[in-house]
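Each residue of the sequence shown is one higher than the one before, starting from 0 at the first, in numbering that gives the first Met the number 0.
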Amino acid sequence: MNVTMLVLVLLVPICFGIARVNKVPKKSVLIAQSLGLGFAVFLIASIVSFFVYTDALNMLVFLFLYTAAFLLSGLINIGMILVKKRWIGDS
Numbered sequence: 000m001n002v003t004m005l006v007l008v009l010l011v012p013i014c015f016g017i018a019r020v021n022k023v024p025k026k027s028v029l030i031a032q033s034l035g036l037g038f039a040v041f042l043i044a045s046i047v048s049f050f051v052y053t054d055a056l057n058m059l060v061f062l063f064l065y066t067a068a069f070l071l072s073g074l075i076n077i078g079m080i081l082v083k084k085r086w087i088g089d090s
């Protein structure tokens with residue numbers, strides 16, 4: 000279950016950014032939307048991890064992994080949006 004949540008934290012914001020890159024005209028709005036969605040999925044995964052595990056070590060390990068996945072997806076998403084918008088020529 001936690002591996003599934005880890006994959007969701009990593010892939011949902013990236014897929015959202017890919018799907019919406021041509022529909023949203025401003026880079027800043029798309030970046031804010033994708034980071035907000037990524038943070039929401041991160042919070043849901045953290046809450047699920049809090050209720051699934053009873054020991055602190057497992058909670059800390061998965062919170063660290065979720066944080067790393069959120070940061071990685073955010074960096075990939077921002078880079079992809081900036082490159083795609085610059086390549087398309089939109090502002």
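Heads up, the beta-carbon is just placed ideally off N, CA and C, and yes, glycines get one too.
*Test item: CB-CB of V20 and L10 under 8 Å*: Cβ atoms of V20 and L10: not closer than 8 Å.
*Let me know the secondary structure DSSP gives T66 once reduced to three states.*
The answer is helix: DSSP assigns T66 an H, G or I state.
_Neighbourhood of L7 by C-beta distance below 8 Å, restricted to the same chain and skipping five residues each side_ = So the qualifying residues of the chain are V40, A44.
*Where does K22 land, buried or exposed, given buried means 16+ other C-beta within 10 angstroms?*
exposed
*Figure out for me which residue from A18, T53, I46, Q32 has the closest Cα to the Cα of G73.*
Q32
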